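*Asks:*
2 protein chains.
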Amino acid sequence: MEETYKEEAIYGLAELFKIFGDPTRIRILYVMLDTERCVNDIAGLLQMSQSSVSHQLRILKTSKLVKSRREGKSIFYSLDDEHVRSILNMGMEHIMEGAGK
Amino acid sequence: MEETYKEEAIYGLAELFKIFGDPTRIRILYVMLDTERCVNDIAGLLQMSQSSVSHQLRILKTSKLVKSRREGKSIFYSLDDEHVRSILNMGMEHIMEGAGK
DNA sequence: TTTACATATGTTTATTTGTTCATATTATAA
DNA sequence: TTATAATATGAACAAATAAACATATGTAAA
Chain G
695 MEETYKEEAI YGLAELFKIF GDPTRIRILY VMLDTERCVN DIAGLLQMSQ SSVSHQLRIL
755 KTSKLVKSRR EGKSIFYSLD DEHVRSILNM GMEHIMEGAG K
Chain F
695 MEETYKEEAI YGLAELFKIF GDPTRIRILY VMLDTERCVN DIAGLLQMSQ SSVSHQLRIL
755 KTSKLVKSRR EGKSIFYSLD DEHVRSILNM GMEHIMEGAG K
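For the record, the sequence lines run as chains G and F.
Residue numbers for the first sequence follow the working numbering, so the first one is 695 and each next one is one higher.
Residue numbers for the second sequence follow the working numbering, so the first one is 695 and each next one is one higher.
1. Residue 773(G) by DSSP, collapsed to three states: which one?
2. Are the Cβ atoms of residue 760(F) and residue 772(F) separated by less than 8 Å?
3. Starting from the Cα of residue 731(F), find the closest Cα among 718(F), 751(F), 708(F), 715(F) and give me that residue.
4. For residue 765(F), which of helix, strand or coil comes out of DSSP?
5. Taking residue 737(F) as the query, report the chain G residues whose CB atoms sit under 8 Å from its CB, ordered along the chain.
6. What residue from 737(G), 725(G), 700(G) has the CA that sits closest to residue 721(F)'s CA?
7. In chain F, what lies closer than 7 Å to residue 731(G) by C-beta?
8. So which residues on chain G does residue 822(F) lean against when the C-beta distance must stay under 7 Å?
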């Protein structure tokens, strides 16, 4: 093996990016870009079933891309980290540049 | 629809991150982090079959994460873009921070 | 030409995973 | 407590895909 980086980190990285690699989750992240949202609102905004949204939110939360806060019967989700925004922006830049070439 | 961003960009973004979402491809990108590599060398370094490496390189190239250059019988691949490095670093930072919490 | 080396590409298979449907949990109001 | 609203979760199914294998293409030397 010639690799200097940690093999473990490689898998962690791939796991992280895999989370971003689904349009549904990207859409969910985007509706939370500048405000927290509860599950029902997300489902309404994105025309998705409550179940599907909830499943995806669990994945996003497990990966620390999203955090949650309870308020009465509702649970509000928001981006967990500035890195999430950064990664989204970096990706968007790459997309846009590629389009201009 | 309440979304202001382009729906098209959402799918583009997800497609992009999906490419990063596989350990094999991350490993391939990492061995090209500071130098170009030919297919055989990558296969040797990562203990993968030539076929598998080639398949993945095609995916990486189609997504503009990697570019190639022919030299005799060999073809050298390298990162296409500074964004590729940025995205990898951003992801790594997120991973590392999460580990420290 | 042939031959050998480097890379690319079909095809099949096994695994992963997002969605749906049904049901469970949790919290508030009556 | 009972009813209702919001969210979570388990199971089944269909679609996507990485790896392996065989084979094809391309390049250079003999």
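Glycine included, C-beta positions come from ideal geometry on N, C-alpha and C.
Values in this document were obtained by computation on a predicted structure and should not be read as measured data.
*Replies:* Result, derived from the coordinates:
1. Taking the first sequence and counting its residues from 1, one reaches residue 773(G) at position 79. Three-state DSSP puts residue 773(G) in a strand.
2. To locate residue 760(F), count along the second sequence from 1; it is residue 66. To locate residue 772(F), count along the second sequence from 1; it is residue 78. Contact flag set, yes.
3. In the second sequence, the residue the question calls residue 731(F) occupies position 37. Distances from the CA of residue 731(F) to each of 718(F), 751(F), 708(F), 715(F) were compared; the closest alpha carbon is that of 751(F).
4. Indexing the second sequence from 1 puts residue 765(F) at position 71. DSSP places residue 765(F) in strand when its eight states are reduced to three.
5. By one-based count along the second sequence, residue 737(F) stands at place 43. Simply none; closest approach about 13 Å.
6. Looking up residue 721(F) in the second sequence gives position 27. Checked all of 737(G), 725(G), 700(G); the closest Cα to residue 721(F) is 700(G).
7. As a first step, residue 731(G) must be located in the first sequence, where it is residue number 37. Chain F residues near residue 731(G): none, gap ~11 Å exceeds 7 Å.
8. Residue 822(F) lies beyond the residue range present for chain F, which begins at 695 and ends at 795; the question has no answer from this structure.
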